[in-house]
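Working notes, structure below.
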Amino acid sequence: MKVILGFNLNKTEAFPLSGSPSVYHSLWRSPLLSNRIYSWNDRTSDSPVVYLGFPLHLTVSQRNQFLDTLFKGIESSYRIHSQRSLSIRGRITIVNSLILSRLWHVLRVLSVPKRFLHRVRSAVSSFVNHRAFPKISFSSLRQPRQYRGLGLLDRHIQQGVLQLRWLLPLLQSCPLHDHPALWSQPSIQSSFVIARLTNWFFYYCQQSFPTTPTNCDYRLHLLFGPHRPAAAKHIDSAFSLLFRAIDLLPRSFSSVVISKNTALCLPLSAVALPSDTFHLSRTTAGLPSSMAYIIDPTNNRLRPKTHEELLTHPRLCRQFLKHVSKDELKLVPFFIRSLLPAFAASQAVHPYVPVTHDRIDASPFVEALALLPSPARPIITPKHFRQLCLQHDKLSSSHPQLSPRSWKSFWSFPLPHPSRTVWFLAVMF
Numbered sequence: 318m319k320v321i322l323g324f325n326l327n328k329t330e331a332f333p334l335s336g337s338p339s340v341y342h343s344l345w346r347s348p349l350l351s352n353r354i355y356s357w358n359d360r361t362s363d364s365p366v367v368y369l370g371f372p373l374h375l376t377v378s379q380r381n382q383f384l385d386t387l388f389k390g391i392e393s394s395y396r397i398h399s400q401r402s403l404s405i406r407g408r409i410t411i412v413n414s415l416i417l418s419r420l421w422h423v424l425r426v427l428s429v430p431k432r433f434l435h436r437v438r439s440a441v442s443s444f445v446n447h448r449a450f451p452k453i454s455f456s457s458l459r460q461p462r463q464y465r466g467l468g469l470l471d472r473h474i475q476q477g478v479l480q481l482r483w484l485l486p487l488l489q490s491c492p493l494h495d496h497p498a499l500w501s502q503p504s505i506q507s508s509f510v511i512a513r514l515t516n517w518f519f520y521y522c523q524q525s526f527p528t529t530p531t532n533c534d535y536r537l538h539l540l541f542g543p544h545r546p547a548a549a550k551h552i553d554s555a556f557s558l559l560f561r562a563i564d565l566l567p568r569s570f571s572s573v574v575i576s577k578n579t580a581l582c583l584p585l586s587a588v589a590l591p592s593d594t595f596h597l598s599r600t601t602a603g604l605p606s607s608m609a610y611i612i613d614p615t616n617n618r619l620r621p622k623t624h625e626e627l628l629t630h631p632r633l634c635r636q637f638l639k640h641v642s643k644d645e646l647k648l649v650p651f652f653i654r655s656l657l658p659a660f661a662a663s664q665a666v667h668p669y670v671p672v673t674h675d676r677i678d679a680s681p682f683v684e685a686l687a688l689l690p691s692p693a694r695p696i697i698t699p700k701h702f703r704q705l706c707l708q709h710d711k712l713s714s715s716h717p718q719l720s721p722r723s724w725k726s727f728w729s730f731p732l733p734h735p736s737r738t739v740w741f742l743a744v745m746f
């Protein structure tokens, strides 16, 4: 049987990758018309080309026009469902799985301005609290049900969840660019997108940080803001969403133990705790620790450089070391461990096992973020990711401190949905 594949010319729309309108008359008009393709889109068009539900916008105004249309659709759905007699649980279910379903689809690949997500939050809160008194705070709405909440999907966190498909393979792969095992790993070969993302990120890193050691773990550039390539941080970059997803997770690095070479690759902003008395300038924050510290071969530990050894940005490095010596700027625990000799590991207030290798390895940080599976912890799931992002979102002390088991019993107790809404508001307030 012969199968003929074709496409609908009436729905075909051409657009230049450069966005320039001039190439239409000079280059593309005749070939397109001869093939009966009459629709053309460039940066002067009001709206973008939409493919599979995603906007291929060429300008910011086209992106904003697409988002305005998307938001109007969300508002229209809210108005329709507001007329229904829904319980508070029912409204949450409608929002998560129906009203915002198209938004979740778009957030997989599209970076949107914060003001748009604020508009969505305001509309969600108004819909869920429709005819409810007293009003439920957004912090309570997005908490899991077993922790005094209602399980509303937070738009920032949900966008982070949608990036795990690409983020996990990037963080779990072999870290060295020249290592032949990198390109043969299943996580890299699982999708041509992963391989392209990895290759692009290497290119960005080499362009932005040409002096970075060739054996540097590229995952450090993913984890720490000052080490991220400027081109990759642009809102329209494929990596901006990955950076946002990483930054959502709480950074509990107090028990991390790293090698000395890894410590030297970190930016100074990553090895110092935030201080109320001294703020690092943007230039100082982005300097690698190797500009202020060096490995002492006599006892195999890090030490501050002397004035004669400070060859690059000497004034900024001296200023940083001065504030550290005066205790006006405190170093993070994992960097302090690199300043101690190996025999001090067992004598520390919190004993640790020192790292014996000299590799530049970001794995301890990735494991601390729960983004790397271990024998004691399986691979992170969307549910676990949401819980990690919300674990520091404390509700006010006025909220009832019922145990998760008590809340589970409340939600499983046989009650009519309208009655459950009344009882939930009574228990909460």
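When the letters of the sequence shown are read in order and numbered with this note's numbering, they come out as residues 318 to 746. Glycine included, every Cβ here is placed at the ideal spot set by N, Cα and C. Bear in mind that the values here come from a model prediction, so they are computed numbers and not experimental data.
Short check: CB of residue i to CB of residue j, under 9 angstroms?
i	j	result
L539	I563	yes
L648	V573	no
P546	Y521	yes
L638	A609	yes
L358	L375	Correcting the residue type first, residue 358 is Asn in the shown sequence and not Leu. It is a contact, given that the beta carbons lie within the stated cut-off.
L732	A449	no
D553	S428	yes
I416	I453	no
F570	H640	no
R561	Q475	no
F652	A580	yes
A549	F556	yes
I391	L469	no
L627	C582	no
S362	F383	no
Y535	F518	yes
H624	L565	no
P621	S598	no
H734	G407	yes
L619	L558	no
Measuring alpha carbon to alpha carbon, tell me which residue in the options is nearest residue i.
i	options	result
Q671	S339, R654, H398	It should be noted that the sequence gives Pro, not Gln, for residue 671. Ranking S339, R654, H398 by Cα distance to P671 puts R654 first.
I697	S457, P486, I453, I409	P486
F702	L484, K431, Y395, F433	L484
N617	N578, L638, N325	N578
S351	L326, V683, D363, L373	L326
R398	V441, P650, F371	A small correction: the amino acid at residue 398 is His; Arg does not occupy that position in the sequence shown. Checking every option, the nearest Cα to that of H398 belongs to V441.
H630	I474, R353, T600, K452	T600
N413	Q480, S394, P430, T329	S394
I285	Q523, Q480, P527, D534	A query on residue 285 cannot be resolved here, the shown segment of the chain reaching from 318 to 746 and no further.
T329	Q708, Y355, R346, S720	Y355
C533	R676, S347, A331	R676
L604	T528, P668, I612, H551	T528
R568	H342, L705, V445	L705
L590	I611, D644, R353	D644
S680	S720, L619, S490	S490
P372	Q502, V426, L467, I612	V426
Y368	R360, A331, Q400, P338	A331
V739	R482, D471, P451	P451
D471	P695, Q502, S418	S418
Helix, strand or coil: which one does DSSP assign to residue i?
i	result
A331	strand
V441	helix
P451	coil
D613	strand
F741	helix
F637	helix
L427	coil
Y368	strand
I321	Any reading at I321 must be qualified, since the residue scores a pLDDT of 40, below 50, and its modelled position is unreliable; the value itself is stated next. DSSP places I321 in coil when its eight states are reduced to three.
A512	helix
S808	Any answer about residue 808 is impossible in this case: the structure gives the chain only from 318 up to 746.
S356	strand
A555	coil
R436	helix
A587	helix
L417	coil
R620	strand
L686	coil
P486	helix
L540	helix
L705	helix
Since I believe residue j is in contact with residue i (beta carbons under 8 angstroms), could you give me their beta-carbon distance rounded to a whole number of angstroms?
i	j	result
S606	H674	Their Cβ separation, rounded to whole angstroms, is 18 angstroms, which puts S606 and H674 out of contact at 8 angstroms.
L688	L488	5 angstroms
V437	G370	That belief does not hold up - the Cβ atoms of V437 and G370 are roughly 17 angstroms apart, past 8 angstroms.
R459	L686	Contact flag wrong, Cβ pair sits at about 21 angstroms.
L467	S456	The pair is not a contact, with the Cβ atoms about 11 angstroms apart (cut-off 8 angstroms).
V478	P690	With 8 angstroms as the limit, V478 and P690 do not qualify as a contact, their Cβ atoms being about 17 angstroms apart.
Exercise. Does the segment 624-634 touch the segment 661-679, meaning 3 or more C-beta pairs lie closer than 8 angstroms?
Worked result: no
Exercise. Between the segment 723-735 and the segment 459-467, do at least 3 Cβ pairs fall closer than 8 angstroms?
Worked result: yes
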